[in-house]
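Okay, structure first, notes after.
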Amino acid sequence: MKNISRKWIIIVVVIISIIFILWQQLKPDGYGSDFISGNGRIEATEINISAKLAGRIEKISVDEGDFVKTGQALVVMQTDTLQAQLNEAQAQYRQAVSNEASAKAQVALKMSDKVAAQAGVSQKESDLDIASKHLQRTTALYQKGAISIQQFDDDTAKVNNAKAALDSAKSQVTAADAAIAVAEAGVDSATSAINVASANIRKIQADIDDSTLNAPVDGRIQYRIAQLGEVLPSGGKVLNLVNLYDVYLTFFLPETVAGKVGIGDEVRLILDALPDKAISAKISFVSSVAQFTPKTVETKDERQKLMFRVKAQLSPELLKCFINQVKTGLPGVAWVKLDSKAPWPSGLSDVAKCPTK
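FYI, the numbering for the sequence shown is 2 to 358, going by our numbering.
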């Protein structure tokens, strides 16, 4: 009798165990068919702080783990060579300005020479007119025999001399025009030299300004890649910065449900480090191509399935409130609604919010 009772007890235990195992395998995942989840880790956009120009690191103002603000000076590169180049360019600029002033003075001088030459032309034209009229009278008298041939020849010579003098005066005006053109070309050359020197100054000053490496965003210094005194090539990395306002969790959804979620849909995140609070996020990216999930997914069977990569973006406003608690690499679970009308279950309804002041 005891053996029979013991046998039935064993059978009942086995049946209960089988039922429990089947229930575990067949029970709805998490919060029912209206919701689906995916595992992932908190990530943030990383920015490398790099030197624009080759040079030696003169100063590093931050250490790993430091919070930095947008525009904060992080690294200073040596600028001795650039400063010398700037001094030279500034001297060239001053010389070009002086040359331009001299060239403009030459233009003014040549213009006054032209005015004088034009006055000379007017005078010579008047002299020629007087000599020509006198020759007309002399010619009439000579034809009548009232004057000698010598006087006629003298008056004719005066007209020819006046014509030659007029031609000479006109050539002086032409020469003055040529001198003005040369002087104006000197002004243009000096002005071009000023522009070149000014552009060179701006370029060198920009290189000097770029030798101070500033934080492009608010964030946390993750790594110091180079050290004080090291010589870096152009583009050499000094620091690695994490943008704490561009934080997201990447997870994967199967082909059967990926088409049911869209950009802007709400996601509730449950982090292992904060299991009692849900974090509200928005879907900011859904891959257009299915892929095999990476090794970070827990089971080999899941990795063999084609899945769609999804990114859940955390609100910058929420991140700002908890900036000191933001950590990349934290594992968590992203929950997505498949039915937009379904209410969030109790385990996902308690959402982290900014503390009231």
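We put the CB at the ideal spot given by N, CA and C, even for glycine.
One thing to note: residue 274 has its Cβ within 7 Å of the Cβ of residue 331. Residue 328 sits in coil when the DSSP states are folded into three classes, being neither helix nor strand. Cβ-Cβ separation between residue 285 and residue 249: approximately 7 Å, consistent with a contact (criterion under 8 Å).
Shown here, residue 238 sits in a strand according to DSSP, grouped into three states.
Cβ-Cβ distances below 7 Å link residue 327 to 245, 248, 320 in the same chain, with the five nearest sequence neighbours on each side left out; the list follows chain order. With a beta-carbon spacing of about 7 Å, residue 216 and residue 242 fall inside the 8 Å limit used to define contacts.
Sorting 276, 111, 270, 124 by C-alpha distance to the C-alpha of residue 36 places 270 at the top.
DSSP, read as helix, strand or coil, puts residue 148 in coil. DSSP places residue 342 outside both helix and strand once states are collapsed to three, so it counts as coil. By the criterion of a C-beta distance shorter than 7 Å, residue 237 is surrounded in its chain by 51, 52, 227, once the five residues flanking it on both sides are discounted.
Annotation for residue 68: 221 place their beta carbon closer than 6 Å to its own, counting only its chain and skipping 5 residues before and after. Under the 10 Å beta carbon count, residue 207 is surrounded by fewer than 16 other beta carbons and is classified as exposed. Relative to the Cα of residue 287, the nearest Cα in the group 277, 314, 276, 280 belongs to 314. For the pair residue 118 and residue 173, the CB atoms are nearer than the 7 Å cut-off. Taking a cut-off of 8 Å on C-beta distances, the stretch 196-212 touches the stretch 80-99, as three or more cross pairs fall below it. Looking at 258, 55, 350, 291, the one whose alpha-carbon comes closest to that of residue 277 is 350.
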